[in-house]
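Single-structure report; data block below.
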Amino acid sequence: MTRSARIGRVEILNIEDYAPSPFDPQVFFPDVPIDAWERHRAHHALDKNGKFRVSFGIFALISDNFIVLVDTGIGPSVPDMFGGGEGRLMTNLREAGIQPSQVTAVLNTHLHPDHVGWNMTNGEPTFPNARYYFSARDYEHWTSDSVLANAPHIPTQAQPLEGLGLLELTTDGDDIAPGIKSLATPGHTPGHQSFLIESDGEKGIVTGDVIHSRTQYTDPEWCAGADIDKPTAVATRKAMIERIVSENLTVASSHLVVDSNIGHVVEIENKRYWQPL
Amino acid sequence: MALRTKIGRIEIIAICDFVPPPAPTTDPFPEVPIDAWEPYQESSLNTEGLYPRNYGVFVLRSDDFTAIVDTGLGPGPHAAMNGVEGKLLENLAGVGVQPSDVDGVINTHIHPDHVGWNIVDGKPTFSRARYTVSRVDWEHWTNQDDLPPHVRDNALPLEGLQVLDLVEDDQEIFVGIRTLGTPGHTPGHQSILIESDGAAAVITGDVLHTPAQLQEPGWSFRADLDKVAAIASRQMLIEKAITDKLTVAAGHLQYDGNIGHIVEIEGRRYWQVLAD
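Protein sequences appear in the order of chains S and Z. Our numbering puts the first residue of the first sequence at 1, with every later residue one more than the last. Our numbering puts the first residue of the second sequence at 1, with every later residue one more than the last.
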């Protein structure tokens, strides 16, 4: 159980924003028959009442030269469908010793509301000294007229950054900070991106929403209901898992349960398993 | 659903006699401070922070033989456990094994929770089976003035019933099944190695009582008779399992989570349960 790991000179630190009460797994994975969860019972995929646990959190990447946040959580006011509480990201960041003004960059894996929730606060950038990085493809998708009409978080949490001159648009393979590179992982959203970390010969990845449950490392065909293009999401997930295994990457997946969301993927008898550190 | 896996042509099926209620960690591990469990909450304890107990048994089945490794705590009712009754025979039937199908019963050691169903009403529960017991453990447990009840009722009669085979360490029991000496928990404790078609596994017996011991082999279970020897056996078995990439089956680990692999990442050892 850990909330942090080291990749060379980069520390990766999980910071929780909000954890809703566990709910029926079919709310999150509508296409996965309830019986199929049974084979993962011993892996704590569900809690003892058979409910699915999800976390809304972020990862801070910290080195001597930068403090980078990957995603900004669900935000100060949690939607009713997730329990209607308050996100605690800012309190938890400060408890971890990070002041908002110290953050040098904010990287959004994609522009879903639970990943951009603290980008802006009351019309101001929450992290005043940071550049914000969206994938160009995701920004194009979410600001298209038909999508924007049903995405009220975009005008508050994404678009103002463009006007403020704080926005950087990325494409696959862009260098974002020393040792940190974008990796296009489309499917969950059209322009979804993960982030590769490389430092002193060690490597890691922050997956974003390529992964929502540890079971998907064993069963990559399982799709979250929120995966917009499911065949593409499955292909992306499989390719990412191959890379994780072949390059022995340290992995951070923010929707996994806190304290077991940093780990490795191990291969045993031709199956892959999540092994939290 | 029973956890099961195939080692070459030999199938291992995890079943259990029964699952007793979880216990505070200081019951099985009196010398381990509660705080020391903190890194192992998820892998080793339930959500209430209690130690999950299990009286697990493994069926080994191939085209050539059916064997069971250990026989649980027995039919009961067990007064010390609120009168609960063992369910081994029902659970064996659930995976298609009748008592008369069993060719061999292998006891890893002579403790009450491993020999409980050896004999019922003075007769071998498994009517066609040879019963395999470590010679060293046999000599230890049967050469006492006051025989413990489980020795008197579930071990000693095997000799007079002429179904007993005493075995040494590193002795073959069936094709692909051999003993591996792992003394300490009891003087003649044996683990069971399984090798078939290039695949290999080990049934640990009581060398392992919790996944936390993979990283903390110095943690001694309350009933380890010779703790120093038990630690050495545990260290040896963990190294062997990692080096030889053994599938590992440990009867006291959590039911539905007691067949897996030991994985090593950045110098730490973890328990990885196999999915069905």
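Every residue gets a Cβ at the ideal spot worked out from N, C-alpha and C, and that includes glycine.
Contact with chain Z by residue i, beta-carbon distance below 8 Å
i, result
"S:Arg-53", "no"
"S:Ile-278", "Since the first residue of chain S shown is 1 and the last is 277, residue 278 of chain S is not available in this structure."
"S:Ala-42", "yes"
"S:Lys-48", "yes"
"S:Asp-259", "yes"
"S:His-264", "yes"
"S:Pro-22", "no"
"S:Tyr-273", "yes"
"S:Thr-218", "yes"
"S:Leu-148", "no"
"S:Leu-61", "no"
"S:Leu-249", "no"
"S:Leu-277", "yes"
CA nearest to the CA of residue i, picked from the options
i, options, result
"S:Ser-63", "S:His-43, S:Leu-183, S:Ile-262, S:Ser-199", "S:Ser-199"
"Z:Val-102", "Z:Pro-112, Z:Ile-110, Z:Trp-117", "Z:Trp-117"
"S:Ile-180", "S:Gly-165, S:Pro-186, S:Ile-205", "S:Ile-205"
"S:Val-234", "S:Asp-138, S:Pro-186, S:Asp-35, S:Leu-277", "S:Pro-186"
"Z:Gly-160", "Z:Val-19, Z:Leu-89, Z:Ile-12, Z:Lys-123", "Z:Lys-123"
"S:Ile-297", "S:Thr-218, S:Ser-213, S:Asp-174, S:His-188", "Chain S is shown from 1 up to 277; residue 297 of chain S falls before or after that span and cannot be answered."
"S:His-153", "S:Trp-142, S:Ser-146, S:Ala-105", "S:Trp-142"
"S:Ala-280", "S:Arg-9, S:Gly-208, S:Lys-238", "Since the first residue of chain S shown is 1 and the last is 277, residue 280 of chain S is not available in this structure."
"Z:Glu-266", "S:Glu-269, S:Glu-202, S:Pro-128", "S:Glu-202"
"S:Met-90", "S:Tyr-139, S:Ser-77, S:Leu-169", "S:Ser-77"
"Z:Phe-65", "Z:Glu-11, Z:Leu-225, Z:Leu-274", "Z:Glu-11"
"Z:Pro-112", "Z:Arg-234, Z:Gln-171, Z:Leu-156, Z:Ile-231", "Z:Leu-156"
"S:Arg-88", "S:Gly-75, S:Asp-145, S:Ala-96", "S:Gly-75"
"Z:Gly-188", "Z:Glu-216, Z:Asp-226, Z:Val-84", "Z:Asp-226"
"S:Asn-129", "S:Asn-248, S:Ser-182, S:Leu-161, S:Pro-113", "S:Leu-161"
"Z:Ala-67", "Z:Ile-13, Z:Asp-224, Z:Asp-17, Z:Val-32", "Z:Ile-13"
"S:Arg-94", "S:Asp-17, S:Ser-55, S:Ser-260, S:Asn-150", "S:Asp-17"
"S:Asp-227", "S:Phe-29, S:Asn-49, S:Arg-9, S:Asp-24", "S:Phe-29"
"S:Thr-250", "S:Phe-195, S:Phe-56, S:Gly-97, S:Gln-159", "S:Phe-195"
"Z:Phe-29", "Z:Ser-233, Z:Phe-221, Z:Arg-152", "Z:Phe-221"
"S:Ala-42", "Z:Arg-152, Z:Arg-4, Z:Val-151", "Z:Arg-4"
"S:Ser-55", "S:Ser-254, S:Glu-269, S:Gln-275", "S:Ser-254"
Below-8 Å beta-carbon distance, residue i vs any chain S residue
i, result
"Z:Val-263", "yes"
"Z:Met-1", "Per-residue confidence for Z:Met-1 stands at a pLDDT of 49, beneath the threshold of 50, marking its modelled position as unreliable; no derived number is given."
"Z:Glu-42", "yes"
"Z:Leu-274", "yes"
"Z:Tyr-270", "yes"
"Z:Gly-49", "no"
"Z:Gly-257", "yes"
"Z:Val-19", "no"
Sequence-distant residues of its chain with Cβ nearer than 7 Å to residue i (five each side left out)
i, result
"Z:Pro-70", "It should be noted that the sequence gives Asp, not Pro, for residue 70 of chain Z. Same-chain partners within the cutoff: Val-57, Asn-107, Thr-108, His-114, Gly-251."
"Z:Ile-7", "Ile-194, Ser-196, Ala-199, Ala-200, Ala-201, Thr-247"
"S:Ala-45", "Trp-37, Ser-213, Arg-214, Thr-215"
"S:Thr-232", "Pro-186, Gly-187"
"S:Ile-241", "Tyr-217, Pro-220, Val-265, Arg-272"
"Z:Gly-241", "For the sequence presented, residue 241 of chain Z should be read as Ala rather than Gly. Closer than 7 Å at Cβ, skipping near neighbours: Val-202, Val-248, Ile-262."
"Z:Ala-229", "Pro-183, Gly-184"
"S:Thr-236", "Thr-185, Pro-186, Gly-187, Val-210"
Nonlocal neighbours in the same chain, by C-beta distance under 8 Å from residue i, ignoring five residues either side
i, result
"Z:Leu-214", "Leu-208, Ile-238, Ile-262, Arg-269, Tyr-270, Trp-271"
"S:Asp-4", "Checking the sequence shown, residue 4 of chain S turns out to be Ser, not Asp. Glu-11, Ile-12, Leu-13, Asn-14, Ile-262."
"Z:Val-167", "Thr-132, Val-133, Ser-134, Arg-135, Ile-173, Thr-179, Gln-190"
"Z:Ile-15", "Ala-2, Gly-56, Val-57, Phe-58, Val-59, Leu-88, Asn-91, Leu-92, Gly-94, Val-95"
"Z:Val-163", "Pro-124, Ala-129, Arg-130, Tyr-131"
"S:Gly-85", "Tyr-18, Pro-20, Val-78"
Supposed close pair residue i, residue j - CB separation, criterion 8 Å
i, j, result
"Z:Arg-9", "Z:Ser-62", "5 Å"
"S:Asn-108", "S:His-115", "6 Å"
"S:Leu-111", "S:Phe-134", "6 Å"
"Z:Tyr-40", "Z:Pro-211", "7 Å"
"S:Ala-136", "S:Gly-191", "7 Å"
Sequence-distant residues of the same chain with beta carbon closer than 6 Å to residue i, five excluded per side
i, result
"S:Leu-69", "Ile-58, Ala-60, Val-103, Val-106"
"S:Glu-267", "Val-245"
"S:Asn-119", "Thr-72, Gln-157"
"Z:Trp-138", "Leu-166"
"Z:Val-19", "Asn-54, Tyr-255"
"Z:Val-273", "Gly-257, Gly-260"
"S:Leu-183", "Ser-194, Leu-196"
Beta carbon proximity, residue i to chain A, threshold 8 Å
i, result
"Z:Arg-234", "Absent here is chain A; the protein component of the structure consists of chains S and Z."
ask   = Listed in chain order, which residues of the stretch 241-254 of chain Z have Cβ atoms closer than 8 Å to some Cβ of chain S?
value = Thr-247, Gln-254
ask   = Which residues, in chain order, does the stretch 69-98 of chain S contribute to contact with chain Z at a C-beta distance below 7 Å?
value = none
ask   = Along the stretch 25-42 of chain S, what residues have a CB closer than 8 Å to any CB found in chain Z?
value = Glu-38, Arg-39, His-40, Arg-41, Ala-42
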